[in-house]
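Asks:
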Amino acid sequence: MSGFRGKWARAAVALAAVGAGTPAAGQSFNQFVGFGDSTIDSGWYRNAAPNSTNPVYNADFAIAVTQGGGKATTNPGLVSSEFLAGSFGLTGIPANQPGGTNYATGDARNAQFNTGTPNSLQGAVPTVVQIGNYLAANSGIANPNALYLISSGGNDVSFAAGNLPSVAQAPYVVGAADDLVAGIARLAAAGARTIVVPDQPQSFGGTTLEALRTTYDTTLWNGLAAAHVNFIPADINAMFRAVTSNPAVFGLIAGAGPACTQPAGIPSGWATFCSPTSTVSTLVSPSAEQTHLFADDIHLTTAGQKIVADYEYSLIVAPGEISFLAEAPVKTREAMVEGIRAQIAISQRGRGVGSFNAWITGDLSGLALSSGQPGFPNDPGLPAAATVGADYAIAPGWLVGAALAVGNTAQTFSLGGGFLQNEFAASAYAAFAGGPVWADIIGSAGVLDDTVNRIVPIGITTQANTGSTGGTNFSLAAEGGYSFFAGPFAHGPLAGMLLQQVRINGYTETDAFAASGGFTALSFAAQTRNSAVSELGYQASMDVGIWSPFAKLAWDHELASTNRLVTASLTTIAAPSYSMPAVVLGADWATAEIGASVRMSRGVTGYAMFIGEIGQTNASYFGAQIGVSVALNAWADPAKAF
Numbered sequence: 034m035s036g037f038r039g040k041w042a043r044a045a046v047a048l049a050a051v052g053a054g055t056p057a058a059g060q061s062f063n064q065f066v067g068f069g070d071s072t073i074d075s076g077w078y079r080n081a082a083p084n085s086t087n088p089v090y091n092a093d094f095a096i097a098v099t100q101g102g103g104k105a106t107t108n109p110g111l112v113s114s115e116f117l118a119g120s121f122g123l124t125g126i127p128a129n130q131p132g133g134t135n136y137a138t139g140d141a142r143n144a145q146f147n148t149g150t151p152n153s154l155q156g157a158v159p160t161v162v163q164i165g166n167y168l169a170a171n172s173g174i175a176n177p178n179a180l181y182l183i184s185s186g187g188n189d190v191s192f193a194a195g196n197l198p199s200v201a202q203a204p205y206v207v208g209a210a211d212d213l214v215a216g217i218a219r220l221a222a223a224g225a226r227t228i229v230v231p232d233q234p235q236s237f238g239g240t241t242l243e244a245l246r247t248t249y250d251t252t253l254w255n256g257l258a259a260a261h262v263n264f265i266p267a268d269i270n271a272m273f274r275a276v277t278s279n280p281a282v283f284g285l286i287a288g289a290g291p292a293c294t295q296p297a298g299i300p301s302g303w304a305t306f307c308s309p310t311s312t313v314s315t316l317v318s319p320s321a322e323q324t325h326l327f328a329d330d331i332h333l334t335t336a337g338q339k340i341v342a343d344y345e346y347s348l349i350v351a352p353g354e355i356s357f358l359a360e361a362p363v364k365t366r367e368a369m370v371e372g373i374r375a376q377i378a379i380s381q382r383g384r385g386v387g388s389f390n391a392w393i394t395g396d397l398s399g400l401a402l403s404s405g406q407p408g409f410p411n412d413p414g415l416p417a418a419a420t421v422g423a424d425y426a427i428a429p430g431w432l433v434g435a436a437l438a439v440g441n442t443a444q445t446f447s448l449g450g451g452f453l454q455n456e457f458a459a460s461a462y463a464a465f466a467g468g469p470v471w472a473d474i475i476g477s478a479g480v481l482d483d484t485v486n487r488i489v490p491i492g493i494t495t496q497a498n499t500g501s502t503g504g505t506n507f508s509l510a511a512e513g514g515y516s517f518f519a520g521p522f523a524h525g526p527l528a529g530m531l532l533q534q535v536r537i538n539g540y541t542e543t544d545a546f547a548a549s550g551g552f553t554a555l556s557f558a559a560q561t562r563n564s565a566v567s568e569l570g571y572q573a574s575m576d577v578g579i580w581s582p583f584a585k586l587a588w589d590h591e592l593a594s595t596n597r598l599v600t601a602s603l604t605t606i607a608a609p610s611y612s613m614p615a616v617v618l619g620a621d622w623a624t625a626e627i628g629a630s631v632r633m634s635r636g637v638t639g640y641a642m643f644i645g646e647i648g649q650t651n652a653s654y655f656g657a658q659i660g661v662s663v664a665l666n667a668w669a670d671p672a673k674a675f
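Right, dumping it as structure tokens:
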């Protein structure tokens with residue numbers, strides 16, 4: 034590949050990258066689009082002749098298609114693109130078949146046609162041309178809500194190694210990588226937001242192929258980063274190392290050869306002919322598609338394809354899973370604030386100036402967080418907390434106080450594992466109640482401690498990725514209202530605001546196979562969740578002997594933007610980081626509270642309260658609180674007590 038062509042490719046990258054969008058928070062997938070070669074080709078040639086330069090290939094392929102062949106795997110098993118699309122409820126049908134959006138064609142190079150190249154498929158459509166065809170068919174606009182998988186470059190490496198003098202091989206693969214960078218940058222500039230780009234296996238195939246693949250991978254990923262394309266790098270090389278080092282763990286036979294018999298006259302890549310009923314190429318054993326890694330000399334069996342797809346799936350959903358670490362504290366802090374407010378209401382009844390109250394409250398809740406999108410994990414859990422505090426009446430109707438809280442929540446990822454989050458918080462508060470007007474303000478600062486176990490299903494395995502991190506949660510809550518009195522009954526409107534900033538520190542996971550070649554662990558950058566929730570509602574209470582029942586109903590609205598990204602990095606290889614949307618919870622919901630306090634003895638009041646948040650998209654919260662308040666001056670000076 035000439036330096037001249039490489040310069041033009043880089044120039045095209047720079048132009049295409051201008052204005053390229055970034056992933057939008059809360060993104061969901063409504064379509065799968067594939068570009069590349071046989072590694073993800075889901076059956077393109079079933080509707081288009083491969084036109085091989087080998088006539089035996091053409092004849093055998095025509096027969097194999099009628100017998101269930103057609104894809105480069107152990108047919109009728111799925112290829113990785115089909116598995117990956119299916120993880121999100123989508124399909125990976127070839128683009129030349131009805132309803133299809135997978136443009137990948139076996140034997141495709143990045144930008145060059147195979148015309149005149151020995152032992153190649155002349156019908157292969159270059160990957161960059163595939164991208165152009167897709168954009169042309171869609172008025173130059175890429176679906177922003179599609180999942181894009183681009184797996185290409187292996188045929189360029191093979192072409193260079195088999196057809197070019199050694200001095201021309203590296204320049205050729207650099208040029209091929211530049212061509213694909215330009216194509217992907219054009220796709221991103223047209224609106225594509227989630228693009229998965231696997232690497233080539235650098236540690237297999239001999240010295241020449243390994244060196245060329247390394248050069249290609251480095252050029253491709255660095256070029257995309259330089260073009261400011263947000264893409265998900267998939268380290269297929271690390272996956273191969275891990276699987277071949279631990280084959281039994283994945284249900285594979287160590288040292289097993291190809292799962293498909295090799296037809297006469299076909300030197301390489303014969304999996305497209307393979308199926309259990311094929312007379313051209315069939316399985317070497319009934320279970321070979323699940324117990325062998327390779328279908329032929331270069332393509333994977335159904336089991337291998339599933340492993341690839343599961344790995345790529347884990348990269349896509351992992352940032353969303355980890356975003357739950359910053360969402361859970363937003364909800365648990367709301368519960369703590371409501372507990373302090375309940376104690377303030379008790380402390381203000383008949384309070385004498387100069388008196389002290391001490392109190393304690395505990396709560397147990399259910400918190401379920403969800404992405405709300407097919408294929409993305411959910412996160413149910415059980416928060417629990419205890420808060421102790423004391424306040425002092427400094428003037429008629431006025432009190433000030435402080436509280437310490439400790440809480441934890443054990444949230445469970447729906448894919449497996451979860452995280453345990455502990456929080457220690459200190460609060461200071463002030464409140465006023467004078468006639469019909471009342472108000473309170475609560476400032477809190479907390480530290481978070483997270484222990485995370487993110488389980489990644491890979492093939493028949495489940496792989497644990499563990500890590501720990503910390504963080505902070507600062508909040509300021511204010512609420513006020515007006516009360517109408519009718520004998521023992523009080524009721525009236527209220528309004529409030531709760532401001533929060535949760536920050537989770539970055540951390541790096543360790544995976545279960547780290548000692549023998551793990552590949553699923555990631556490193557996550559720090560993340561910040563800002564929240565500003567307004568509150569409008571109505572509350573009522575009544576004094577009935579020693580009982581004081583109360584109820585509150587409020588409409589809550591999130592004013593802060595929840596469009597944020599979580600950034601992740603591979604731990605297996607130096608690669609650009611990538612960012613994916615965090616989960617997005619609904620902006621509106623209702624909060625209902627009902628409870629009662631009871632005067633248990635002189636100066637001692639207990640209370641119980643039930644809380645539920647209703648109607649918030651992607652979140653469900655309910656809980657119960659109990660507490661007790663003690664007037665410390667009750668026996669020393671009854672005039673200052675309840």
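With the working numbering applied, the sequence shown corresponds to residues 34 to 675, in that order. From the three backbone atoms N, C-alpha and C, an ideal C-beta is built for every residue, glycine too. Remember, it's a predicted structure, so these values are computed and weren't measured experimentally.
1) Three-state secondary structure (DSSP) at L402?
2) In chain order, what residues of the same chain lie with their CB nearer than 7 Å to the CB of A331, ignoring the 5 residues before and after it?
3) Near G69, which residues of its chain fall below 6 Å by C-beta distance, leaving aside the five closest residues on each side in sequence?
4) Among Y425, A438 and P266, which has the Cα closest to the Cα of D396?
5) In the structure shown, what three-state DSSP assignment does F655 receive?
6) Counting only the same chain and skipping the five closest in sequence on each side, list residues whose C-beta sits under 8 Å from that of I491.
7) According to DSSP, simplified to helix, strand and coil, what is L569?
8) With burial defined as no fewer than 16 other Cβ atoms inside 10 Å of the residue's Cβ, what is the status of M633: buried or exposed?
9) So what's D74 in DSSP terms, helix, strand or just coil?
10) Going by DSSP, name the residue or residues bridged to H590.
11) Can you tell which of D212, N498, G337 and S120 has the C-alpha that lies nearest to the C-alpha of A144?
12) Nearest by alpha-carbon distance to F62: which of P614, I644 and I647 is it?
13) If you follow the alpha helix (DSSP H) that Q534 is in, where does it begin and where does it stop?
14) For N270, count neighbouring C-beta atoms within 10 Å of its own C-beta (all shown protein chains included) and say buried if the count is 16 or more, exposed if not.
15) Compute the Euclidean distance between the alpha carbons of Y78 and G103, then round it to the nearest angstrom.
16) Give me the Cβ distance between G503 and V480, rounded to the nearest whole Å; I'm assuming they're in contact under 8 Å.
17) Classify Y205: buried if its beta carbon has 16 or more other beta carbons within 10 angstroms, exposed otherwise.
18) Looking at V66 and Y249, is the spacing between their C-beta atoms short of 7 Å?
19) If I follow the unbroken beta strand (DSSP E) through R487, where does it start and stop?
20) Indicate the three-state DSSP secondary structure (helix, strand or coil) for P296 in the structure shown.
21) Determine the DSSP secondary structure at S113, reduced to helix, strand or coil.
22) Only counting the same chain, and skipping five residues up and downstream in sequence, which positions put a Cβ closer than 6 Å to that of M530?
23) What are the start and end residues of the beta strand (DSSP E) that includes V599?
24) How big is the Cα-Cα spacing for G387 and L586?
25) Run the CB neighbour count on D473, radius 10 Å, all protein chains shown included, and call it buried at 16 or more, exposed below.
26) Measuring CA to CA, which of A545, T638 and S581 is closest to N279?
Replies: Judging by the given coordinates:
1) Residue 402 sits at position 369 when you count from the first residue of the sequence shown. If DSSP states are grouped into helix, strand and coil, L402 belongs with the strands.
2) Looking up residue 331 in the sequence shown gives position 298. According to the sequence provided, residue 331 is Ile. The question's Ala does not apply to it. Hits under 7 Å: S301 and G302.
3) On the sequence shown, position 36 is the one that residue 69 refers to. Taken in chain order, the residues that qualify are A137, T160, I183, S184 and S185.
4) Here residue 396 refers to the residue found at position 363 of the sequence shown. Closest by alpha carbon: A438.
5) Your numbering for residue 655 matches position 622 in the sequence shown. Three-state result, F655: strand.
6) Translated into the one-based positions of the sequence shown, residue 491 becomes position 458. Within the same chain, I491 has close Cβ partners F283, I340, D343, Y344, S347 and T553.
7) Sequence index remark: in the sequence shown, residue 569 carries index 536 (1-based). Reduced to three states, the DSSP call for L569 is strand.
8) Sequence index remark: in the sequence shown, residue 633 carries index 600 (1-based). It is exposed - the Cβ of M633 has fewer than 16 other Cβ atoms within 10 Å.
9) What you label residue 74 is simply residue 41 of the sequence shown in a count that begins at 1. Taken through DSSP and simplified to helix, strand or coil, D74 comes out as coil.
10) Stepping through the sequence shown from its first residue, residue 590 is reached at position 557. For H590, which the question treats as bridged, DSSP gives the partners S567 and D621.
11) As a working mapping, residue 144 is identified with position 111 in the sequence shown. Of D212, N498, G337 and S120, the smallest CA-CA separation from A144 is found for D212.
12) One-based indexing of the sequence shown puts residue 62 at position 29. When only C-alpha atoms are compared, the closest one is P614.
13) In the sequence shown, counting from the first residue as 1, residue 534 sits at position 501. Segment F522 to I537 is the beta strand (DSSP E) holding Q534; no alpha helix (DSSP H) there.
14) For the purposes of this step, residue 270 is taken as the residue at position 237 of the sequence shown. Per the 10 Å Cβ criterion, buried.
15) On the sequence shown, position 45 is the one that residue 78 refers to. On the sequence shown, position 70 is the one that residue 103 refers to. Approximately 7 Å between the Cα atoms of the pair.
16) The count along the sequence shown starts at 1 and reaches residue 503 at position 470. The count along the sequence shown starts at 1 and reaches residue 480 at position 447. Confirmed, Cβ separation roughly 7 Å.
17) For the purposes of this step, residue 205 is taken as the residue at position 172 of the sequence shown. Per the 10 Å Cβ criterion, buried.
18) Mapped onto the sequence shown, residue 249 falls at position 216. Mapped onto the sequence shown, residue 66 falls at position 33. For the 7 Å CB-CB criterion, Y249 and V66 do not form a contact.
19) In the sequence shown, counting from the first residue as 1, residue 487 sits at position 454. First-last of the beta strand (DSSP E) with R487: V470 to I491.
20) Against the sequence shown, residue 296 aligns to sequence position 263. In the structure shown, P296 sits in coil (DSSP, three-state: anything other than H, G, I, E or B).
21) As a position in the sequence shown, residue 113 is number 80, starting the count at 1. Helix.
22) Mapped onto the sequence shown, residue 530 falls at position 497. So the qualifying residues of the chain are A511 and S567.
23) In the sequence shown, counting from the first residue as 1, residue 599 sits at position 566. Start and end: L598 to L603.
24) The residue given as residue 387 occupies position 354 in the sequence shown. The residue given as residue 586 occupies position 553 in the sequence shown. Whole-angstrom Cα-Cα distance: 33 Å.
25) Position 440 of the sequence shown, counted from the first residue, corresponds to residue 473. Buried, because 16 or more other Cβ atoms sit within 10 Å of the Cβ of D473.
26) The residue you call residue 279 lines up with position 246 of the sequence shown. Of all alpha-carbon atoms in A545, T638 and S581, the one lying nearest the alpha-carbon of N279 is that of A545.
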